[in-house]
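Sequence order for the protein chains is A and B. All the letters of the first sequence, read from the start, carry residue numbers 36 to 704 under the working numbering. All the letters of the second sequence, read from the start, carry residue numbers 833 to 990 under the working numbering. For reference, the structure is listed below as structure tokens.
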Amino acid sequence: MSAAALTAVVAVGGVVACLAVLLAPARGRHVLAGALTAALGGIGVALGATVITSGLAPAHLGWLIPLAGVTVAGDATSGLFIVVTGAVAVAVGVYSPGYTRHARQSRASLATVPVFVAAMLLLPLAASVTTFLAAWELMALTSLVLVLTDHRRPETRQAGLTYAVMTQLGFLALVLALATFAAGAHTESFAGMQRAASTLSPGLRAAVFLLSLVGFGSKAGLLPLHAWLARAHPEAPSPVSALLSAAMVNMGIYGMLRVDVALLGPGPRWWGLVLVLVGAATAVYAVLQASVANDLKRLLAFSTSENMGLITVGLGAALLLSAAHNRFAAQVAMTAALLHVANHAAFKTLGFLAAGSVVASTGVRDLDRLGGLARRMPATTVLFGVAALGASALPLGAGFVSEWLLLQGLIHTLPASGVMLALAMPLAVGAVALTAGLGVAAMVKAFGVGFLARPRSDEAANAPEAGASMLAGASIAALACAVLAVAPAILSRTLTHVLTALPATSGQQPPRLGVLLRLPGIAGSLSPALLALALAGAVLVTVVVAGWGSRRRPAPRPAVLWGCGGPALTPRMQYTSSSFAEPLQRVFDDLLRPDTDVDVSHLSESRYLLAKVSYRSVIVDAIEQRVYRPVLRAIAAVADVVRRGHTGSIHVYLAYGALGLLIVLMVAQ
Amino acid sequence: MGMLGRIRRGGRAAEPAPELPTRLDIAPALRGSLALRHVDAGSCNGCEIEISQCFSSVYDAERYGVRLVASPRHADGLLVTGVVTRNMSAALLATYEATPDPKVVIAIGDCARDCGMFAGGPGVEGAVHDVVPVDLEVPGCPPTPEQIIKALRQITGR
């Protein structure tokens, strides 16, 4: 089928699926919703693949949105993001029937999922400001409904409110940015805006860039607009968390690519520098928060913010290097960013789906009350392990190749590239390296404390293994992780298409992601497939040699767990999530600002004897406390002033209306 | 010249080892390498000082294949010092149980052999052989490092 037909199928399919779920009888509703979401995702993957190879010819449907109409077009960049979104939707669709059997999901919430998926699939095809903003807002509103699925809990309502405010503020910034851009270009079609971009004044372009960065950054969870992400993603049902964390945040990256890089670019150097700085700060801050988080899903949500930061560093480095005429390194950085979008989507889908299985089986998200799941839920443990390996950027993990490419791009800046690059790039390398290291710590904590050792609560001790549909859905994501980790070459052609289409990276031979990753112009190559083969060989040799060496081994005998000669060990003696992260918390005390209280009460007879010691440690988002609070207080103060004008008299309100109209007339004159 | 070449040319620079004592046939499987877990069952720390001297640069017991390890799970045997006090007897037994077979137990010092001057004390459970089977005993209060190393070399045969 042609790309245009597939686009129509996705658009109509989203609406039909929504109606079908609404009208379906309660018994089969969750299965139907899952099947339709998976089917929609499958069509999305086909659509994306078609768009990557042959593009989507520009089409204008005047009747669909009044006044402006709908304009769609697609290139390889759109196709890449559509494929990623579709693949996430397939895994989530297969997974969700099993999950919703455990955790009830309301009819409205189930029916919203297909619309949300369709909005995300169509957003990259938007080719005019109106279409883009309409799809963007549809995505934002449907995701808000999904976040509020469990609206009876006060935490969820609070998270939903935070998300609603921040996403709408981001939308406002986007409207301002794109409207300013369109007004300057005298057209609202992306093709026309791209032609007119170079004629805009530098000040206007800078304003558009900064405003759009606020809008897209708030969606991607970049600092300082990240606060909603770590609240809303954990509160949503886990399949929805996977959609939000693996697909929706990507749209922020897509927006930056489309508007700031493709339409507005090539820009001055400081654009790239801003992106690198924001991305690096986000990555380091978010990974720190992830490594001290005690809630499994909150940890994963912060990891999402971290990875979006890394992708932004890649984007910014590509712009910066391209402006410095270092096209080879620019291409490597851009390849890293795009590849990381796909890799992150794979391992984060898997992470949230596996975490969802844990939540469905135990009802617990607190790492300090989990543990010992490896015996009770072996398949889920393996699946989460694959996700954790991917998120830790170690070889054979899904995130390794892209982070390696990112470092290659950052390291190989020519010495002659100028003072700004010479200062920014080493710092960015440091930030990426620190992020990778702390990311390992965070994932070791999530896997080690959450799944290994002994159960810390009855819920964890009696957890049943996840159902077949949940395991199947997560296995799809695990397969994607494995393929991307061992053979990133499958994305090679796609990335070549994207890189040649973007102005920052066109005109050179792009890096080749074959069996051996070759980076033209840079002395560096890597072969993930050979690495995997070597590791498998080493494991095989070790097993054979060890088996041969211990062939006369006496029969094993059961023994008591060694407790240093003391009495039997209890689960309370294990590392907890908090104690594992304590050294990190101590090192980064100034940044994390933990709120720690130790209460010691003595016996009444003697101050040398203790009656009770209570320890309480809460880690709050320091940026949220420091930056958001003053802003909210200021808004509340202004609102108090404005409230004096609300007298309740209809005459005064009519006068306000007339005054407003007069002002508009005077300005528009 | 590389580091390896320098090492090869320099060879070993150490005092010649004392004469090899005759090997005891306690645990043939442990010949050549012996990892020991030290258990202080109630010692005055005199034997501990001598044991730590055994592993110092002067006596260097490690060149005879003996090592001290941090857990009985990693050990081939136990190096027990002192009388077995009541508070430590269960721990000694648990440590013995936790050591994988084949294993040896070496009692160091007079207290470990026959309770020494603490015999009949109120908190004393008995000598080491009253609690766990002992393979080798080193007399002395405290035994000198030479005596301890000689005993250990009787097992490793190096």
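Note that beta-carbon positions come from the ideal geometry of N, C-alpha and C, so glycine has one too.
With 16 other Cβ atoms within 10 Å as the buried cut-off, status of residue i
i	result
I881(B)	exposed
N497(A)	exposed
H532(A)	buried
G287(A)	buried
P974(B)	buried
W98(A)	exposed
I511(A)	buried
C53(A)	buried
G955(B)	exposed
P977(B)	buried
Y688(A)	exposed
I670(A)	exposed
V970(B)	buried
E223(A)	buried
Y691(A)	exposed
A716(A)	Residue 716(A) is absent from the model: chain A starts at 36 and stops at 704.
I685(A)	exposed
Q193(A)	exposed
E957(B)	buried
Other residues of its chain near residue i: CB distance less than 7 Å, five sequence neighbours each side excluded
i	result
H637(A)	L644, L645 and A646
A476(A)	S326 and L619
D403(A)	N329, R491, T611, S612 and S613
F244(A)	D295, L299, G302 and W306
F251(A)	G287, G290 and M291
S273(A)	Y134, F387, L388, A390, G391 and V394
Cutoff 8 Å; reference residue i; Cβ partners in own chain excluding five residues on either side
i	result
V936(B)	I858, A859, L862, L866, D908, G909, L910, D967, L968 and I987
V467(A)	A315, A318, L345, V348, E438, L441, L442 and L445
Residue i and residue j closer than 8 Å at C-beta
i	j	result
G941(B)	T913(B)	yes
G582(A)	A488(A)	no
P301(A)	S357(A)	yes
A433(A)	A381(A)	yes
A368(A)	A389(A)	no
A93(A)	A108(A)	Correcting the residue identity first, residue 93(A) is Pro in this sequence and not Ala. Yes.
H268(A)	A321(A)	no
A709(A)	L350(A)	The structure shown does not extend to residue 709(A), since chain A is modelled only from 36 through 704, so no value can be given for it.
L246(A)	A212(A)	yes
G874(B)	M920(B)	yes
L23(A)	V56(A)	Because chain A is modelled from 36 through 704, residue 23(A) falls outside the range shown and cannot be assessed.
T135(A)	H65(A)	yes
T339(A)	G256(A)	yes
V152(A)	G77(A)	no
S2(A)	T184(A)	Not covered by the structure: residue 2(A). The range shown for chain A is 36 to 704.
A242(A)	T202(A)	no
V521(A)	A569(A)	no
L75(A)	A38(A)	no
L385(A)	A271(A)	no
Those residues which DSSP pairs with residue i across a bridge
i	result
E969(B)	A939(B)
S652(A)	T631(A)
V898(B)	L866(B)
T106(A)	H95(A)
T913(B)	D872(B) and I940(B)
G958(B)	V916(B)
A161(A)	V107(A)
L645(A)	H637(A)
L456(A)	According to DSSP, which records beta bridges pairwise, L456(A) is partnered with nothing at all.
D330(A)	D401(A)
S224(A)	S163(A)
Nonlocal neighbours in the same chain, by C-beta distance under 6 Å from residue i, ignoring five residues either side
i	result
Y896(B)	R985, T988 and R990
A59(A)	L67
P629(A)	Q620, S652 and I654
A282(A)	T120, V123 and M155
V80(A)	V118, G121 and A122
S427(A)	G474, V475 and M478
L310(A)	T347, L350 and G351
D634(A)	S649
A126(A)	T384, G508, I511 and A512
Partners in chain D for residue i, counting only beta-carbon separations shorter than 8 Å
i	result
G349(A)	The structure shown contains no chain D; its protein chains are A and B.
Hey, which unbroken runs of the beta strand (DSSP E) at 3 residues or more fall wholly within the stretch 649-697 of chain A? none
Runs of 4 residues minimum, wholly inside the stretch 225-312 of chain A: which ones carry the alpha helix (DSSP H) assignment? 225-231, 237-255, 262-270, 273-278 and 284-290
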